[in-house]
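Inspection log for the structure reproduced underneath, given as structure tokens.
There are 2 protein chains.
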Amino acid sequence: MLAALAHSALMPRNAAVLPFPAEPAQHTRQPGPQVMNFAQDSGIYEEGDDATYFYKVVSGVVRTCHFSADGRRHIDAFYHVGEIFGFELASEHRFSAEAVTDCVLLPCHRHGMEEAAALDGVAIMHLYTYAMRQLDRARAHSQLLGRCNAMQKLGVFLLELSARKGDAEIELPMTRQDIADYLGLTVETVSRTIAHLEKDGVICLMRARHIVVKDRDRLEDLAA
Amino acid sequence: MLAALAHSALMPRNAAVLPFPAEPAQHTRQPGPQVMNFAQDSGIYEEGDDATYFYKVVSGVVRTCHFSADGRRHIDAFYHVGEIFGFELASEHRFSAEAVTDCVLLPCHRHGMEEAAALDGVAIMHLYTYAMRQLDRARAHSQLLGRCNAMQKLGVFLLELSARKGDAEIELPMTRQDIADYLGLTVETVSRTIAHLEKDGVICLMRARHIVVKDRDRLEDLAA
DNA sequence: CGGATTGTTGATTACTTTCAACAATGGTGG
DNA sequence: CCACCATTGTTGAAAGTAATCAACAATCCG
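Protein chains in written order, with the numbering used here: chain A, 1 to 224; chain B, 1001 to 1224.
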């Protein structure tokens, strides 16, 4: 069991990885019949739905979000290939989930996971590790929202996307509105801030959704 | 094991409870020699310290925080009696912890916990439950920081304190600066917003640290 | 009592939002 | 294949909210 912990420590910091269901599904060119397809902007589940299933992203990007009484949307997180979302402690989902792009998802039955955990110490250790990683992510996000101005928020956001891809060239899967709702800004501010970064030569805006990080150091200074 | 899950579901939503160490310590009038005392504003651990110990609050209030390069402080969370803080996935603490008031804390050895978890399915289930509860808390905080104005932030903050105590009369253990750093505001804005709430008759400011919620409904409307 | 800390209040500034208009893009059907 | 329309993104001007700078009041300790 402690070996499982040690192993976890070696995994990438923010990865949302669970060992179930079996990995093969994401490696096959033709995903088995157990995967589901979701069109861009379609809902996967809604806040308050029974959390019977959680999902692993096989391809595409997913957002989890919450709508407040006055109609404003808060995006809690984006989930990329290989990541897990929708796993809850409570019986209901606390956020809605929607497809940012066309997606292939692998739905996993929650009770299956819990039964596996009951039988298998390693499985539950993974559950725990998953929860703690998500926690780190959520805390980092709180810090970003609480302490930073628009420029810093965008800086961190772009650096994260770039780091995830391991490349200075970023293809944004989400709209400006998505970015705004994730960073606690408005579309206009996101747009203006990106324009400002381009004017300063920190990034190059090839197309609206295609950005190249020109000066990573300066971006990191901003994001500090 | 599933019984343990069901039990967890009955516990208060945001409680940060772990079964270790044994509960008796918090019930004795004279805590045993294993507890530690911390004076107000003293540091418990610093960001980057080895996360050898985590802590349970026996009395007092603790804040976990992070200092950014430009000297600004972000308070991640406040921990009250019975709650656990400083439990990490990584080997180092990601935040500093400080005593908001004079505190009595019960330090717990991390490896002790992990060994217990390795041997005991219920123990690790509690670990998992703890992590997921903290996650809910962190996500709610992100939402608050990302989507709300000063008035709404203060509304939610005061309602939480009031709910925790189960009383409309609140004794604030923290300074305005603490509140500001927790809500992503400045001291001045916190002070002004509280004054505004008082002028509107929503709260009554007995002393700076002693607030009575006069009109809970209106406060909830603000906080929505 | 006196000094330091904490909290309040006022005036000004800065940043972000809001409102508005327009440009670019992408998908669809003729 | 192109034109058209809806969606998405950008930019400008004005307004609003919170931050900053500054001064003062209240409170807490020694």
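For every residue, glycine included, the Cβ atom is placed at its ideal position computed from N, Cα and C.
On a predicted model such as this, the values are computed, not experimentally measured, just so you know.
Could you have a look at residue i and say whether DSSP puts it in helix, strand or coil?
| i | result |
| --- | --- |
| B:S1091 | coil |
| B:T1175 | coil |
| A:D50 | strand |
| B:D1181 | helix |
| B:R1110 | helix |
| A:E23 | Confidence at A:E23 is low in this model, with a pLDDT of 39, below 50, so the placement of that residue is unreliable and no value is reported for it. |
| B:H1080 | coil |
| B:S1059 | strand |
| B:S1068 | coil |
| A:G43 | strand |
| A:V213 | strand |
| A:V104 | strand |
| B:A1163 | helix |
| A:A99 | strand |
Using a Cβ-Cβ cut-off of 8 Å, state whether residue i counts as contacting chain B.
| i | result |
| --- | --- |
| A:M174 | no |
| A:H27 | At A:H27, the pLDDT of 41 sits below 50, so the modelled position is not reliable and the matter cannot be decided from this model. |
| A:S42 | no |
| A:D136 | yes |
| A:Q143 | yes |
| A:R110 | no |
| A:S68 | yes |
| A:R147 | yes |
| A:R218 | no |
Would residue i pass as a contact of residue j if the rule is Cβ separation under 8 Å?
| i | j | result |
| --- | --- | --- |
| A:V213 | A:L205 | no |
| A:V58 | A:I44 | no |
| B:R1216 | B:A1168 | yes |
| B:L1197 | B:L1154 | yes |
| A:A138 | A:H93 | no |
| B:G1146 | A:L172 | no |
| A:A224 | B:A1069 | yes |
| B:R1207 | B:S1191 | no |
| B:A1131 | A:A116 | no |
Is it the case that the CB of residue i approaches a heavy atom of the ligand PLP more closely than 7 Å?
| i | result |
| --- | --- |
| A:H66 | Among the components modelled here there is no ligand, and therefore nothing to report on the ligand PLP. |
Considering only the alpha carbon of each residue, which of the options lies closest to residue i?
| i | options | result |
| --- | --- | --- |
| B:L1089 | B:Y1128, B:H1074, B:D1136 | B:Y1128 |
| B:L1106 | B:G1082, B:E1098, B:A1224 | B:G1082 |
| B:H1066 | B:S1096, B:A1117, B:D1215, B:M1174 | B:S1096 |
| A:R73 | A:H196, A:A180, A:D215 | A:A180 |
| A:G60 | A:E115, A:Q40, A:L135 | A:Q40 |
| B:I1170 | B:G1184, B:H1210, B:T1193, B:R1137 | B:H1210 |
| B:A1238 | B:A1069, B:A1099, B:D1070, B:S1091 | With chain B covering 1001 to 1224 only, the question about residue 1238 of chain B has no answer from this structure. |
| A:V104 | A:N37, A:G121, A:M125, A:L185 | A:N37 |
| B:F1157 | B:Q1134, B:A1131, B:G1184 | B:G1184 |
| A:T64 | A:V122, A:D178, A:C108, A:L119 | A:D178 |
| A:M113 | A:G71, A:R133, A:K56 | A:K56 |
Is residue i close to chain A? Criterion is C-beta to C-beta, closer than 8 Å.
| i | result |
| --- | --- |
| B:T1129 | yes |
| B:G1155 | no |
| B:L1089 | yes |
| B:S1191 | no |
| B:R1133 | yes |
| B:R1094 | yes |
| B:D1076 | yes |
| B:I1179 | no |
| B:A1224 | yes |
Extract the residue ranges of the alpha helix (DSSP H) inside the stretch 1114-1152 of chain B, only unbroken runs of 4 or more that lie entirely within it. 1121-1147
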